[in-house]
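Reading through the structure tokens given below for one structure.
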Amino acid sequence: MAEQLRLMTVHAHPDDESSKGAATMAKYVAEGVQVLVATCTGGERGSVLNPKMDRPEVLADIANIRRAEMVKAREILGVDQAWLGFVDSGLPEGDPLPPLPDGCFGLQDPHEAAKPLIKLIREFRPQVMTTYDENGGYPHPDHIMCHKVSVIAFDAAGDPGLYPELGEPWQPSKLYYNSGWTRARMLALHEGMLAAGLESPYTEWLEKASDRQDRGDKLTTRIECGDYFSIRDDALRAHATQVDPDGFWFKIPLELQQKVWPTEDFELARSLVDSPIPESDLFAGIREKVDAH
Numbered sequence: 000m001a002e003q004l005r006l007m008t009v010h011a012h013p014d015d016e017s018s019k020g021a022a023t024m025a026k027y028v029a030e031g032v033q034v035l036v037a038t039c040t041g042g043e044r045g046s047v048l049n050p051k052m053d054r055p056e057v058l059a060d061i062a063n064i065r066r067a068e069m070v071k072a073r074e075i076l077g078v079d080q081a082w083l084g085f086v087d088s089g090l091p092e093g094d095p096l097p098p099l100p101d102g103c104f105g106l107q108d109p110h111e112a113a114k115p116l117i118k119l120i121r122e123f124r125p126q127v128m129t130t131y132d133e134n135g136g137y138p139h140p141d142h143i144m145c146h147k148v149s150v151i152a153f154d155a156a157g158d159p160g161l162y163p164e165l166g167e168p169w170q171p172s173k174l175y176y177n178s179g180w181t182r183a184r185m186l187a188l189h190e191g192m193l194a195a196g197l198e199s200p201y202t203e204w205l206e207k208a209s210d211r212q213d214r215g216d217k218l219t220t221r222i223e224c225g226d227y228f229s230i231r232d233d234a235l236r237a238h239a240t241q242v243d244p245d246g247f248w249f250k251i252p253l254e255l256q257q258k259v260w261p262t263e264d265f266e267l268a269r270s271l272v273d274s275p276i277p278e279s280d281l282f283a284g285i286r287e288k289v290d291a292h
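Those letters in the sequence shown? Residues 0 to 292, per numbering that gives the first Met the number 0, in order.
Put into structure tokens, the structure is as follows:
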């Protein structure tokens, strides 16, 4: 029997897994790949972003509610999920920015904070990992720390001389960064909406896009997963405190998304196998070796 393909995605908060690469995960689950989401924090300091959930009793129990939302999203996506046990840093606002709260994820020593992830990698033994780029996708302190611990763990998990107490070494073969909203994707959806005679929610974003860092030129890998966009959206709606079902994220009709931009996109950051670029499979260069066993 061929060895099992395994994918680990590392995220900062509950809900990140559903907004970044969720359709890709659902596609691989449907193909029989084992998928594990590692969630760094509990989202305890997250704001309530859905007006319908902005109630005192929700705010008072936000940590438990966000855990329950994660259970729903995990079941919808068909993935396994593990908490790494860190505390949300919150998103600092103001000028100058206030200091981060004591003990939060963003203030951890990255090498110490990588240990739970190294242990999880050695237990789950993924061939492929995904995480955020060095800017966190956007500059939230937890996203930036998530990037740091993911890279450290990717490098350390396979080294028998490091952290022997954390289990038998296992070296993942590939590390990807989730692609955010590239200008090309935003423009394609914007123009698709206008061509359909609909109002585009991206007009203002595109006007400001020149101020945003665009990593479209760094994309290496596009996963065809339009058939799984509805599962992605259901998982996102499960995070009811974070996502307004009548809000921005759901303004583009599903059929238009599937027609205009049916992929989720990634940057190949590290690879220990040969796979020609561009890719259409996160397991390119791995699948062949696994099937040969």
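Every residue gets a Cβ at the ideal spot worked out from N, C-alpha and C, and that includes glycine.
- Lys173 sits in a strand when the DSSP states are folded into three classes.
- Setting aside the 5 residues that flank it on each side, Val28 is surrounded in the same chain by Val34, Leu76, Gly77, Val78, each with a C-beta closer than 8 Å to its C-beta; the list follows chain order.
- When the Cα atoms are used, Pro244 and Ala59 turn out to be separated by approximately 22 Å.
- Spatial neighbours of Ala152 in its own chain (CB-CB distance under 7 Å, excluding positions within 5 residues in sequence) are listed in chain order as Ala113, Leu116, Ile117, Ile120.
- Of Glu30, Ser88, Asp132, the smallest CA-CA separation from Lys19 is found for Asp132.
- Using a 10 angstroms sphere on the CB of Lys207, the tally of other CB atoms stays under 16, which defines it as exposed.
- Remark: three or more beta-carbon pairs, one from each stretch, lie closer than 8 Å, so the region 77-94 and the region 32-50 are flagged as touching.
- Exclusion of the five residues before and after Pro109 leaves Met144, Lys147, Val148, Ile151 as the residues of its chain whose Cβ lies within less than 8 Å of its Cβ.
- Judged by DSSP secondary structure, Thr220 falls within the beta strand (DSSP E) whose first and last residues are 220-223.
- Straight across, the Cα-Cα distance linking Gly225 with Phe282 is about 19 Å.
- One Cα belongs to Gly105, the other to Thr129, and the distance between them is close to 19 Å.
- Of the residues assessed, Leu188 falls on the buried side of the cut-off, its CB having 16 or more other CB atoms within 10 angstroms.
- Around the CB of Ile61, 16 or more other CB atoms lie within 10 Å, so the residue is classed as buried.
- When secondary structure is reduced to three states using DSSP, Val148 falls in the helix class.
- The C-alpha of Arg236 lies about 14 Å from the C-alpha of Ile64.
- For Pro171, the closest C-alpha among the options Val127, Pro138, Val272, Gln256 is that of Val127.
- Annotated three-state conformation of Phe123 is helix, per DSSP.
- Phe247 counts as exposed, since fewer than 16 other C-beta atoms from the protein chains shown sit within 10 angstroms of its C-beta.
- With respect to the C-alpha of Pro138, the residue from Trp169, Pro55, Gly179 having the closest C-alpha is Gly179.
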